[in-house]
Every structure is written in C-alpha cells, then in structure tokens.
Amino acid sequence: MSGKIHVEETEVQGFRALHITNQVLSLTIIPNLGGKISSIRDLRNGREWLWTNTQIPYQRHNYGTSYQEADTGGWDECFPTVSACSYPLPPWKGRSIPDHGEIWPLQWSIRCDGDTEATLIIDMQAQSIGLPYVFQRIIRITVDSPSLRFDYRVVNQSDNDIAFIWSSHPLFAVEPGMRIQLPDNTRMNTWVSMPTQLDPQSGEQAWPIHARLGEHEWDLSYMPDEAAGIGIKLWSQPLAQGFAALIASDGEFRFTFDTAQLPQLGIWMNARGYSGTGSTPYYNLGLEPCIGAQDSLEDAIEKYQRYEILPANGMKEWWLETHLSTS
9 MSGKIHVEET EVQGFRALHI TNQVLSLTII PNLGGKISSI RDLRNGREWL
59 WTNTQIPYQR HNYGTSYQEA DTGGWDECFP TVSACSYPLP PWKGRSIPDH
109 GEIWPLQWSI RCDGDTEATL IIDMQAQSIG LPYVFQRIIR ITVDSPSLRF
159 DYRVVNQSDN DIAFIWSSHP LFAVEPGMRI QLPDNTRMNT WVSMPTQLDP
209 QSGEQAWPIH ARLGEHEWDL SYMPDEAAGI GIKLWSQPLA QGFAALIASD
259 GEFRFTFDTA QLPQLGIWMN ARGYSGTGST PYYNLGLEPC IGAQDSLEDA
309 IEKYQRYEIL PANGMKEWWL ETHLSTS
C-alpha cells in the first residue's frame with residue numbers, strides 16, 4: 009500500500025460501505041446509515057478507536073425513531089438537536105425534532121474526488137426531511153498522514169432562519185484508566201447522571217469533575233473501570249483552546265478545532281451505567297466537539313441562550329481535525 013490511498017467498496021453487516029486506507033490509518037463509512045463512520049483504526053499499532061455495539065445489529069430506521077434503537081456505535085452526526093424536543097421558534101414552532109436529530113437515519117450521498125497518491129476528498133451530503141436544509145460533511149485523507157480533516161457545511165433552503173445545535177457523536181472503545189485531556193480552565197455542566205444519586209447531579213463545575221456515589225469517588229478525567237456502574241453526560245462552557253484528546257497506553261486520539269466556529273465539547277461517559285434497551289449496560293465514551301448547549305435545542309434556546317443560527321437562504325461552516333499518535 010506504499011505511497012497510495014486505497015479505496016475499497018465492501019459490506020458491513022450487509023450494508024454497502026467504503027473502506028479507505030492510507031499508510032497510517034483506515035476508516036470505514038456506511039452512507040446509508042446516516043453517513044456513519046464505523047471504524048477508525050491506527051495501522052501502526054492496530055488500535056481500533058471506535059466502539060461497536062455487539063448487542064444491536066445495524067438496520068435502517070425511519071425518521072423519528074428513538075436513537076436508543078440505533079445505538080450501534082461508531083461516529084454519527086447530531087443536528088439540529090441531540091435529545092428529542094419541540095422546535096421552539098416560528099415558523100416551525102412546536103414541530104417535533106427527533107432524538108439525536110434528523111440526519112442519522114437518512115441515506116447520505118457519497119462521492120470520492122482527488123488524488124489517491126496525494127489527498128482524497130470524501131464528500132457526503134444528506135437532505136433533511138423535517139426542517140429545510142442540506143447537511144454536508146467532507147473528509148480529507150492524505151496519503152502519509154495520521155490526521156483527518158472534517159469540513160462541515162449546512163445550507164438553509166428556506167427564507168427563514170433555522171436555530172440549531174450540533175454535536176459530533178463518536179463513541180470510543182475504551183479501557184480503564186484511559187485519560188481525557190482538555191484545555192486548562194475548562195468548565196463543565198452536567199446534563200444527566202446515572203444512577204440519579206450520582207453526584208454531581210447538576211450545575212457547572214471546573215474540570216476535572218469528581219463524581220461520587222456512596223463511598224466511591226471517580227476522577228472523570230480517567231475512564232472508570234467496568235464495575236463502576238455509572239453514566240454521566242457533560243457539556244462544556246466555551247473552551248479557551250480548541251482541542252480535546254483521549255490518551256491510551258499505546259497512543260492518542262486528538263481533536264483540534266477553531267473555537268470561534270466550534271466552541272464547545274460534550275462528554276458521554278458510560279461505565280456500565282446505561283444501555284437504553286434493557287440489555288447489558290455499555291462500556292464506552294463519547295468525546296464530542298459540539299456547538300451549543302446540550303442536549304436539547306429547546307433548552308439551548310430558552311434556558312441557556314447558547315445555540316447558533318443558520319441564516320435564511322445562507323449557510324454555516326465549521327471544521328475539525330483528528331490526529332492519531334502512537335507511543
């Protein structure tokens with residue numbers, strides 16, 4: 009594979025997929041499952057960074073389905089909300105916005121351009137069903153680079169502004185003790201704690217958060233072990249610097265981004281505290297660059313006043329990069 013990016017059409021659990029490999033990493037994309045990235049693997053040490061749920065098989069879901077039924081892992085996109093809510097502003101006031109947003113169950117178009125001996129451009133788009141917009145994600149992979157560049161563009165197809173929040177939703181395969189590195193002076197808000205007795209239950213606190221349950225206490229800058237039985241969703245105030253990293257014993261997965269465009273970060277830490285389907289609770293981590301207060305667009309507008317506007321007949325753009333390193 010020396011000196012070239014390889015693109016292979018394949019299948020994952022019966023769904024058409026694109027498997028892309030350079031000299032350092034590979035990624036697998038499933039267009040008909042909301043543009044899901046099912047795998048990001050570092051070829052130097054063999055580490056698969058993304059989690060796959062072995063308890064829920066891949067399947068197509070109708071618009072409006074609860075994401076709990078499709079919590080299969082990998083990397084999805086949440087837009088224009090994360091939790092289900094009613095759109096709070098005219099002219100769509102009262103319209104139901106589904107759990108984890110509108111675009112994750114849709115079939116996305118996909119096109120590859122560029123030079124397989126230099127940089128390959130993977131251009132994906134989804135046409136919304138509910139609100140009138142097109143969501144576009146472009147991934148750039150360079151032949152010898154451990155980095156991926158993600159460029160996002162959302163185009164408003166109406167004469168009215170659209171309010172939104174957005175969250176990347178990569179779920180990571182984790183091990184006890186993996187470390188989460190965030191900028192200094194990061195402050196986090198708690199969205200939900202599981203079980204409900206887990207402290208902190210609400211409010212804004214400095215990172216790293218310390219969670220307590222009975223006689224147990226965890227520093228959440230490190231992944232708890234599977235016996236913890238806890239889950240917690242956090243979202244940040246605007247960050248001082250645009251980075252976040254998950255650090256393992258043999259490598260690191262690092263995000264970088266421009267906080268002027270992409271100011272915040274969400275963390276979903278699940279140490280066997282939640283499954284949503286009555287199955288064995290999961291062990292995974294969401295480390296999620298995001299825009300706006302989590303998880304409800306309705307709350308982001310009415311409670312926190314922290315959201316963005318997609319201008320009438322206009323567009324909004326932002327980017328992030330991922331970088332894999334080994335140790």
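Under our numbering, the letters of the sequence shown match residues 9 to 335, in that order.
Beta carbons are placed, not taken as given, at the ideal position from N, Cα and C, and that holds for glycine.
For the alpha helix (DSSP H) that residue i lies in, which residues bound it at each end?
| i | result |
| --- | --- |
| residue 169 | Looking at the DSSP string, residue 169 is not in any alpha helix (DSSP H), and its letter there is neither H nor E. |
| residue 307 | 305-310 |
Is residue i close to chain D, meaning its C-beta is less than 8 Å from at least one C-beta of that chain?
| i | result |
| --- | --- |
| residue 95 | The structure shown contains no chain D; it holds only a single protein chain. |
Output yes or no for whether 8 Å exceeds the beta carbon distance between residue i and residue j.
| i | j | result |
| --- | --- | --- |
| residue 317 | residue 169 | yes |
| residue 61 | residue 113 | no |
| residue 207 | residue 195 | no |
| residue 259 | residue 179 | no |
| residue 250 | residue 233 | no |
| residue 308 | residue 173 | yes |
| residue 26 | residue 111 | no |
| residue 35 | residue 66 | no |
| residue 161 | residue 277 | no |
Quick check: what's the CA-CA separation for residue i versus residue j?
| i | j | result |
| --- | --- | --- |
| residue 216 | residue 152 | 35 Å |
| residue 48 | residue 64 | 20 Å |
| residue 74 | residue 108 | 8 Å |
| residue 129 | residue 209 | 43 Å |
| residue 279 | residue 134 | 33 Å |
| residue 285 | residue 264 | 33 Å |
| residue 228 | residue 125 | 42 Å |
| residue 140 | residue 223 | 50 Å |
| residue 198 | residue 310 | 17 Å |
| residue 296 | residue 272 | 9 Å |
| residue 262 | residue 254 | 6 Å |
| residue 171 | residue 247 | 21 Å |
| residue 137 | residue 68 | 15 Å |
| residue 77 | residue 90 | 15 Å |
Residues in its own chain within less than 7 Å of residue i by CB, not counting five upstream and five downstream?
| i | result |
| --- | --- |
| residue 320 | 164, 166, 167, 168, 169 |
| residue 9 | Caution is warranted here: a pLDDT of 45 is assigned to residue 9, below 50, making its placement in the model unreliable, and the coordinate value is therefore given only provisionally. Excluding positions up to five away in sequence, the list reads 29, 31. |
| residue 43 | 37, 85, 116, 132, 134, 145 |
| residue 96 | 306, 309, 310 |
Any idea what DSSP makes of residue i, helix, strand or coil?
| i | result |
| --- | --- |
| residue 75 | helix |
| residue 261 | strand |
| residue 12 | coil |
| residue 320 | coil |
| residue 84 | strand |
Under 6 Å Cβ to Cβ from residue i, same chain only, skipping five residues before and after it: list those, please.
| i | result |
| --- | --- |
| residue 230 | 185, 187 |
| residue 12 | 124, 125 |
Is the closest heavy atom of the ligand MN to the C-beta of residue i under 7 Å?
| i | result |
| --- | --- |
| residue 65 | This structure does not include the ligand MN; it has no bound ligands of any sort. |
Hey, quick one: how far does the beta strand (DSSP E) through residue i stretch, first residue to last?
| i | result |
| --- | --- |
| residue 278 | 272-279 |
| residue 294 | 291-299 |
| residue 336 | In the structure as shown, the chain begins at 9 and stops at 335. Residue 336 is therefore absent and cannot be evaluated. |
| residue 28 | 23-29 |
Cutting at 8 Å between CB atoms, please list the residues of its own chain near residue i, excluding the five before and the five after it.
| i | result |
| --- | --- |
| residue 58 | 45, 46, 47, 48, 81, 82, 83, 178, 179, 180, 181 |
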